[in-house]
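In our numbering, the protein residues as written are 397 to 980.
Every residue gets a Cβ at the ideal spot worked out from N, C-alpha and C, and that includes glycine.
Worksheet: one structure, shown below.
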């Protein structure tokens, strides 16, 4: 859970209730930047007027998520008031999911949902995105003001912690938070602080400690849903999927937990490659209630089991049921187009024309009436795949040579794996391997585990498309060794890098890359950083010889560590380092 800013028009008594040094944190209400997201024009005006009556005057109003994203790209918001229902657009929960993937929503921003819907399934969806609070309509101005000020107050005290989280400095954030908890300056906000502490423990890989924290909350009341989900998450990350599975099975059938429990159980089954079982769990969710992620997961489960026509039928139904929600309609159109391209690939060359034609129609119609960031890139790569299926490699290469199509920095995993397939099919495996490596790095940063499961499936599929990669990696490694023996360290880095991204499981490739980076005095190369490579290798279970070699490289880094620190990189490297000529 996040936390936010502060205001000045508080009663004097309220200010004195804050930290002894709280005056330095007090924020003038007139300086608080607020974003209101509400599709109903009259409700939007009323909410803005209520906020102005409270003393807030920096208020930006938006009618849907796309407008909010554009606003967030231009300035920082201290508080977002998000309505759940946004008319013929994605709902508030879906908007937050999308924004989280872009990294625009920082932890220092308060998020408060506003809804008139009291259905358990809707409340459950809102709770799942961890807002700071929820205001249910109809509300009084007093309740709204109390909710806002409470969230801003907590955020004010925890702002140093939240800044550290945004910088991914988990350990320092935990230390700061523990000081706040120990001081007991926010006794009424203990639940919010405990949630934040558990989240940091998970980030630090302290899964058992996180489990103990969640279980201590459940000891007070076994009906605290967030703590129950926390135990499931922590145990799953600790590699105890069977424990999570037993808890999840007890949550099936309940209005508030059934759908999420089914997604979780499907995810666990996918991890075990029990695809039939995963499909059975997803089938327990009514089709109309399938989230975007669950819909994609079900689609790929069908494809893995050679049920492409079932996937097409399901996506067509979902697409038509969302015809009036433009963004979802466009997304589902592209998913359906991708499915038709996959279907065409399973056919003989003389049977591909019809599914490719349908795919092209869907690609062309998706997003025709509005421009969504990233949508054009998706469409371009899918058009490349269509040309490849038509054996028009010349046209595919022509599109791939366009500069804008190669900027995948903000692309999602689906688009990136489409790019991998495109580059493999036109014969550039080196380019494909680099994108595939970047997919793995992006997956590590994912918060949503269903998205992570889908991404793992897609990456695994593309790895299969590339065939056996170790022989090619060995070839690049051998070329690198030749250059290294001639002391051409910078040139050697290029080949060791290719070997490493093609087959990262081979520790020798990583050690060769690291040693050449150090000898070439490079802090970074392409999209990798020298200290990150060291830290990644240090976490592995290396044999004695490789461990000794890593430590010797480490001694050399430690002699000139500043050379290898990249600006804004928070690397904590406390290991020893030196060089060795002990290449494989």
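Pull the bridge partners of residue i from the DSSP assignment, please.
i, result
"residue 457", "432"
"residue 614", "Beta-bridge pairing links residue 614 to no other residue."
"residue 892", "Beta-bridge pairing links residue 892 to no other residue."
"residue 478", "433 and 509"
"residue 855", "The partner list for residue 855 (beta bridge, DSSP) is empty, contrary to what the question assumes."
"residue 921", "924"
"residue 529", "508"
In whole angstroms, what separates the C-alpha of residue i from that of residue j?
i, j, result
"residue 590", "residue 609", "8 Å"
"residue 435", "residue 687", "21 Å"
"residue 496", "residue 878", "45 Å"
"residue 518", "residue 850", "24 Å"
"residue 524", "residue 629", "13 Å"
"residue 428", "residue 448", "11 Å"
"residue 498", "residue 507", "16 Å"
"residue 884", "residue 936", "28 Å"
"residue 645", "residue 638", "11 Å"
"residue 538", "residue 529", "15 Å"
"residue 689", "residue 847", "6 Å"
"residue 485", "residue 542", "30 Å"
"residue 921", "residue 648", "48 Å"
"residue 595", "residue 454", "31 Å"
"residue 931", "residue 509", "39 Å"
"residue 566", "residue 816", "33 Å"
"residue 707", "residue 696", "8 Å"
"residue 439", "residue 715", "29 Å"
"residue 471", "residue 461", "15 Å"
"residue 692", "residue 679", "13 Å"
"residue 941", "residue 950", "14 Å"
"residue 929", "residue 889", "13 Å"
"residue 614", "residue 571", "24 Å"
"residue 820", "residue 583", "58 Å"
"residue 718", "residue 514", "22 Å"
"residue 952", "residue 887", "20 Å"
"residue 593", "residue 477", "25 Å"
"residue 605", "residue 599", "12 Å"
"residue 822", "residue 585", "57 Å"
"residue 444", "residue 456", "9 Å"
"residue 564", "residue 750", "49 Å"
"residue 642", "residue 796", "48 Å"
"residue 684", "residue 845", "21 Å"
"residue 612", "residue 694", "36 Å"
Only counting the same chain, and skipping five residues up and downstream in sequence, which positions put a Cβ closer than 6 Å to that of residue i?
i, result
"residue 633", "603"
"residue 919", "926, 960 and 962"
"residue 512", "533"
"residue 521", "489"
"residue 801", "776"
"residue 501", "495"
"residue 842", "848"
Whose C-beta lies closer than 7 Å to the C-beta of residue i among residues of the same chain, with five residues either side of it excluded?
i, result
"residue 464", "431, 433, 458 and 491"
"residue 754", "736"
"residue 933", "903, 906, 907, 910 and 946"
"residue 677", "658, 661, 662 and 665"
"residue 712", "732"
"residue 923", "834"
"residue 420", "With a pLDDT of 38 at residue 420, under the threshold of 50, the predicted position of this residue should be treated as unreliable, and no value is reported."
"residue 892", "873, 876, 905, 908, 909 and 912"
"residue 487", "480 and 481"
Since residue i contacts residue j with CB under 8 Å, what's their CB separation in whole angstroms?
i, j, result
"residue 785", "residue 740", "5 Å"
"residue 818", "residue 777", "6 Å"
"residue 475", "residue 548", "7 Å"
"residue 773", "residue 807", "6 Å"
"residue 792", "residue 780", "5 Å"
"residue 516", "residue 652", "4 Å"
"residue 581", "residue 559", "With a Cβ gap of about 18 Å, residue 581 and residue 559 do not count as contacting."
"residue 813", "residue 858", "5 Å"
"residue 868", "residue 825", "7 Å"
"residue 759", "residue 730", "7 Å"
"residue 631", "residue 617", "Residue 631 to residue 617, Cβ: 20 Å. No contact."
For residue i, I'd like the list of residues in its chain whose CB is within less than 8 Å of its CB, leaving aside the five on either flank, ordered along the chain.
i, result
"residue 839", "809, 848, 851, 852 and 855"
"residue 681", "654, 655, 658, 659 and 690"
"residue 417", "At residue 417, the pLDDT of 38 sits below 50, so the modelled position is not reliable and the matter cannot be decided from this model."
Contact between the segment 825-834 and the segment 894-908: three or more CB pairs below 8 Å? In the pairwise beta carbon analysis, the segment 825-834 is classified as touching the segment 894-908: at least three pairs are separated by under 8 Å.
* Taking 8 Å as the threshold, find out whether the segment 693-708 comes into contact with the segment 659-679 through three or more Cβ pairs. => Touching, yes, given that three or more Cβ pairs across the two stretches are closer than 8 Å.
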